[in-house]
């Protein structure tokens with residue numbers, strides 16, 4: 001019951017609250033909230049939408065976990081955006097250039113993506129550890145730089161190949177593709193959705209069972225207590241950032257190996273920022289982030305149905321924004337209420353135990 | 001409004017007391033920060049409030065200033081009962097507060113800073129300027145209204161802060177450690193100003209733990225200890241020593257066990273340990289510390305806070321890096337290792353347990369369950385860990401043992417550490433630090449801010465471990481604790497160990513004077529100088545349930 | 001700060017015009033109206049004028065009556081959609097024209113717009129949605145749809161698709177609507193060369209994509225054809241992959257200023273909404289500018305700067321969309337031009353404002369040569 005109240009109530013409240021706000025926005029602009037919601041829910045059953053939601057969620061999930069690793073120790077890796085793009089491009093270039101047997105080819109691409117993402121995350125990590133540069137500023141700057149690096153790498157001067165009016169990396173040979181799970185006309189689920197799930201499980205095990213996860217959480221909870229407990233803060237920053245970057249590198253792997261097979265100048269951006277929102281929604285918990293990613297993907301994909309009922313699909317952007325804000329506020333409120341309740345509970349228990357703590361001892365030790 | 005403009009003639013006679021606090025009790029979840037506090041401040045006096053860090057002074061002042069609301073008790077201002085919901089209410093009642101850390105906008109002028117937020121009183125133009133100049137002249141605080149605050153020195157900034165509260169009509173002014181930032185000449189100037197203003201009918205509540213200053217300026221002094229007022233004294237007739245006694249509570253029975261367990265097995269050896277201040281000034285906060293702690297010995301470090309004790313502990317723990325000097329530790333297995341270049345974790349693994357002086361900042365993960373707190377500092381060692389992987393079952397089981405053995409009052413080991421009272425938190429920390437059978441325990445103020453029951457239990461546990469061969473480096477501001485527990489006492493002053501004392505014979509008074517740097521040699525024998533208890537120490541702390549002051553910092 | 005920069009610009013412009021005055025003085029002896037090959041009154045030494053054009057512009061105006069009332073027309077826009085004052089809007093205008101002229105019922109049309117940063121599957125879903133609701137033809141605006149069409153078009157073999165700015169291989173039911181932007185840009189380059197007083201012109205591209213490079217290539221080739229010695233500044237606002245270059249007027253302004261400071265006095269932009277900043281810079285520095293895609297002289301969003309817009313390179317997306325819908329209504333899309341070029345009037349130049357009226361014969365002369373194949377315009381810059 002405690003778990004339900006502490007972990008599930010806040011997001012549910014937040015979503016309801018966000019839905020209310022959006023309904024008001026819709027009513028004010030002359031739309032019909034009920035029909036909009038119906039259309040969105042009904043859209044899930046349409047065509048490939050359900051599969052698209054799962055596919056996008058896997059991408060958002062990886063981005064969310066990449067952000068969450070940093071968040072666990074109050075390290076704000078805003079640079080997942082840049083890291084995933086660098087990882088994707090480097091992986092696409094390498095994948096297009098090499099030829100290996102099926103399976104191995106894909107594995108190499110995935111490893112290269114993780115390494116490239118980690119390498120790009122190493123820059124802010126090293127800056128922070130050696131020079132004390134704030135990682136938020138460094139990663140934001142590096143996001144801008146990543147856009148330029150990506151543009152250069154896929155330009156025709158470097159590794160780009162002209163495809164009509166589009167430019168992209170050379171197409172990865174079929175040995176490097178990861179087959180999906182086909183649902184016929186309802187679309188094909190990316191094979192690497194399983195990778196995302198595996199990363200999620202690995203993340204949970206690391207956080208809850210390993211010494212590293214403990215040290216990470218301890219650093220996030222209280223840097224001073226962690227350092228008194230023998231946690232090496234600099235090492236934690238470095239390792240957390242590299243792990244976060246490696247995970248960021250994986251973000252586009254389901255799409256790259258499952259559908260696109262190339263990285264184009266029109267390839268989507270912004271997954272890193274979606275990852276921040278999803279990590280906030282999921283409170284950095286692997287299960288929560290998964291739900292957050294699914295919710296986000298649902299809103300994104302179902303939004304396409306809103307055009308059918310004459311509702312601007314931008315309303316979904318409003319909804320996503322309000323959900324994140326409300327979730328953050330709701331968690332904080334519930335956290336405070338929980339703590340106060342627990343303190344009261346402990347207090348009750350102790351007074352029921354026969355007097356206030358210390359009183360008997362005080363009588364013997366505290367006399368004048 | 002303008003009601004404050006009416007000057008009160010000097011010596012207005014039998015005005016009602018400016019402030020009367022009666023029976024103030026403030027509980028934070030799990031702890032009691034103030035307990036049945038009584039304080040009477042007469043009209044037009046400088047009333048000092050003394051107490052150790054964390055004794056509950058700041059909580060009390062926050063209550064008087066409307067920032068906290070008392071759970072019990074009443075406040076009267078100028079004879080009328082009041083109830084403050086916010087500082088605004090307090091300001092309206094003529095109470096002002098000058099915080100220790102200035103709250104000024106650097107890039108604004110003096111006048112702008114003073115007027116900021118009080119624009120409705122006298123506008124922001126010529127009228128405001130006239131009012132400020134008039135106040136400055138009347139109180140003798142010379143300020144240039146158009147000077148930028150960023151160009152002002154510390155003393156001038158403090159004047160601006162005082163003028164700020166005067167401008168808002170304050171007649172009763174709380175000064176929180178006002179001399180902490182001033183050099184002696186500036187302190188004298190401030191005191192002159194305060195005396196002058198006192199003649200004009202202003203009342204001051206002066207918070208300090210510098211006893212000489214209190215005696216120099218205050219008309220009366222109230223001592224607060226462990227969240228409650230110990231008594232009020234006339235500073236003219238009480239000695240600094242007596243005040244110190246009231247503050248640290250020398251009347252508590254000492255936890256003496258005199259049969260010595262000291263062996264000749266050296267556990268901790270520190271040689272020439274030095275540490276430079278982090279501000280880059282090149283000032284040494286630790287200056288050539290040499291010490292030895294043996295198995296079965298408690299080495300107590302006495303000293304006024306801020307003389308390097310914290311730095312000594314953190315340097316030995318590896319949380320700060322010594323600029324020179326070496327440290328060796330002999331573990332339980334008898335091997336001696338040099339710690340000088342090891343990390344905190346390796347030092348802990350070598351056999352150091354650490355009870356930090358601030359358990360919230362350094363000892364606990366407050367929102368995590370108790371069993372996860374058991375892991376902190378032991379994340380590489382059984383029974384809570386198997387190297388890189390945690391052993392959750394082991395951690396939970398060992399936490400249950402600690403809860404049992406150390407009488408941690410908790411409904412279970414899954415509650416967050418923050419839910420426990422200060423005393424129970426501290427018992428958990430001490431239990432954890434003793435659980436890995438360390439060779440050395442570094443205990444910084446191990447019973448600060450805990451109730452007397454927990455205090456006794458912690459003392460018992462430390463004594464028991466000492467009998468089992470544990471070496472203890474004990475830092476405490478509680479001289480009775482220090483004298484009662486220690487086998488050897490060293491006095492620390494300005495980053496150096498300046499004197500030794502024998503706890504079997506030294507009195508708190510002698511120790512107190514050594515701590516101020518007055519003597520370098522503490523008489524170890526019976527010394528006739530010991531006076532009787534200071535006035536007010538008789539009011540016992542024993543009947544307060546929980547006298548935890550930690551809650552004061554929670555705000 | 002800003003003021004000081006503006007001051008610098010003014011100084012630079014003053015210096016430039018002083019220089020051109022000097023060259024003007026040198027040229028006064030051979031003043032003519034550009035009829036000869038020695039150069040105009042200031043500015044470039046011009047190449048010989050091409051022979052006057054003989055072809056009259058073919059036009060789609062000769063409308064036979066086609067009934068489109070049975071058609072359900074779907075439009076999938078790129079980011080921005082209807083109202084972007086750029087090529088989405090042009091496509092929308094084509095649809096509107098089809099509604100008014102071909103009798104397409106407005107209720108039988110559906111317009112959907114891409115979101116920024118959407119991924120491939122969103123585009124596919126959009127197209128499937130339109131197709132499964134029975135829309136045919138479905139016109140996709142922008143090359144970003146090419147991969148989506150490649151996936152979706154084979155699933156709906158009976159639906160007719162069209163894509164603006166791209167070709168989709170292996171999908172017979174997809175009609176490409178592609179343009180010879182380089183040809184229109186060639187004429188823009190000629191116009192710029194003739195109008196430049198300093199014999200120094202500039203190009204501002206929005207995003208460095210192959211598509212925009214076609215504009216650049218044609219422009220440079222045209223300018224050099226008209227004035228072999230001309231100096232050309234060429235800059236892009238953002239690299240490929242960063243689409244903000246099409247929506248960043250301040251950046252357009254700064255880059256344009258830079259080119260003006262370097263000496264250019266006629267600027268051609270192919271930068272979407274960022275063009276507003278280019279016009280602003282041109283107006284501040286008393287330079288001229290050439291618009292793009294539609295007749296920007298008449299465009300409301302840049303009306304403040306219309307007096308510096310001497311012409312626009314027009315890319316008739318509206319005509320292409322309209323012609324395509326009409327062809328579908330007739331049941332034969334094979335009559336559509338393979339490429340909407342100068343010959344088919346798919347690209348061209350505008351004359352609103354009358355600033356190029358004096359060189360209209362020259363422009364039409366070059367146009368004739370291109371149409372006749374005497375000049376081949378390259379679609380990538382560089383030699």
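Protein chains in written order, with the UniProt record's numbering: chain A, 1 to 368; chain B, 1 to 555; chain C, 1 to 383.
Glycine residues also receive a C-beta, built at the ideal position from the N, C-alpha and C atoms.
Secondary structure of residue i, DSSP reduced to three states
i: residue 370(C); result: helix
i: residue 159(B); result: helix
i: residue 108(B); result: coil
i: residue 76(B); result: strand
i: residue 38(B); result: strand
i: residue 370(A); result: Lying outside 1 to 368, the shown extent of chain A, residue 370(A) is not represented and no answer is given.
i: residue 15(A); result: helix
i: residue 496(B); result: strand
i: residue 375(C); result: coil
i: residue 381(C); result: coil
i: residue 9(A); result: helix
i: residue 204(A); result: helix
i: residue 142(C); result: coil
i: residue 236(C); result: strand
i: residue 203(C); result: strand
Partner residues on chain A for residue i, Cβ-Cβ distance less than 7 Å
i: residue 166(C); result: 164 and 165
i: residue 563(B); result: For chain B, the structure presents residues 1 to 555; residue 563(B) sits outside this window and is missing.
i: residue 118(C); result: 268
i: residue 448(B); result: Going along chain A, no residue has its Cβ under 7 Å from residue 448(B), so there is no contact; the nearest lies around 14 Å.
Any non-hydrogen atom of the ligand SAM within 7 Å of residue i CB
i: residue 455(B); result: Questions concerning the ligand SAM fall outside what the structure shown contains, since it holds no ligand whatsoever.
Chain A contact residues for residue i, given Cβ-Cβ distances below 8 Å
i: residue 342(C); result: By Cβ distance, chain A contributes nothing, its closest Cβ being about 19 Å from residue 342(C), past 8 Å.
8 Å Cβ cut-off: residues of chain C touching residue i
i: residue 151(A); result: 208, 238, 239, 240, 241 and 242
Chain-ordered neighbours of residue i on chain A, where CB pairs are closer than 9 Å
i: residue 361(B); result: 222, 224, 225 and 228
i: residue 340(B); result: Here the premise fails: no neighbours, minimum Cβ distance about 16 Å.
Interface partners of residue i on chain B, CB under 9 Å
i: residue 214(A); result: 372, 375, 376, 379, 385 and 390
Presumed contact (8 Å Cβ cut-off) between residue i and residue j, rounded CB distance
i: residue 270(C); j: residue 292(C); result: 5 Å
i: residue 193(A); j: residue 55(A); result: 7 Å
i: residue 215(A); j: residue 225(A); result: Rounded, the Cβ-Cβ distance is 11 Å, inconsistent with contact.
i: residue 324(A); j: residue 281(A); result: 6 Å
i: residue 556(B); j: residue 471(B); result: Shown here, chain B extends from 1 to 555; a query on residue 556(B) therefore has no answer.
Neighbouring residues, chain C, relative to residue i (Cβ below 9 Å)
i: residue 186(A); result: The contacting residues do not exist; residue 186(A) stays about 11 Å from chain C at best.
Listed by chain order, chain B residues near residue i by CB distance under 8 Å
i: residue 339(A); result: 29, 367, 416, 418 and 419
Contacts of residue i in chain B (Cβ-Cβ under 7 Å)
i: residue 342(A); result: 415, 416 and 419
i: residue 218(A); result: 365 and 376
Item to check | Residues, ordered as in the chain, of the region 411-427 of chain B that lie near chain A by beta-carbon distance below 8 Å | outcome: Residues of the region 411-427 of chain B with a C-beta atom less than 8 Å from some C-beta of chain A are 411, 415, 416, 418, 419, 420, 421, 423 and 424, listed in chain order.
Checklist entry - Of the residues that make up the region 306-330 of chain B, which ones have a beta carbon closer than 9 Å to any beta carbon in chain A? => result 314, 317, 318 and 319
Checklist entry - Counting pairs of Cβ atoms below 8 Å between the region 95-104 of chain C and the region 284-302 of chain C, do you hit three or more? => result no
Checklist entry - Between the region 367-382 of chain B and chain A, which residues of the former have a C-beta closer than 7 Å to a C-beta of the latter? => result 367, 368, 375, 376, 377, 379 and 380
Next on the checklist: Below 8 Å, how does it come out for the region 260-277 of chain B and the region 323-341 of chain B: are there three or more Cβ pairs, yes or no?
Outcome noted: Judged by Cβ distances under 8 Å, the region 260-277 of chain B makes contact with the region 323-341 of chain B, as three or more pairs qualify.
Next on the checklist: What are the residues in the region 385-403 of chain B lying within 8 Å of chain A by C-beta distance?
Outcome noted: For chain A, the residues of the region 385-403 of chain B that bring a beta carbon within less than 8 Å of one of its beta carbons are 385, 387, 388, 389, 390 and 392, in chain order.
Checklist entry - So, do the region 285-298 of chain C and the region 258-265 of chain C have three or more beta carbon pairs nearer to each other than 8 Å? => result Cβ pair count under 8 Å is three or more, so yes.
Checklist entry - Should the region 189-208 of chain A be regarded as contacting the region 48-67 of chain A, the criterion being three or more beta carbon pairs within less than 8 Å? => result yes
Checklist entry - Does the region 225-245 of chain A touch the region 334-354 of chain B, meaning 3 or more C-beta pairs lie closer than 8 Å? => result Result yes; three or more Cβ-Cβ pairs closer than 8 Å.
Checklist entry - So, do the region 252-263 of chain A and the region 118-135 of chain A have three or more beta carbon pairs nearer to each other than 8 Å? => result no
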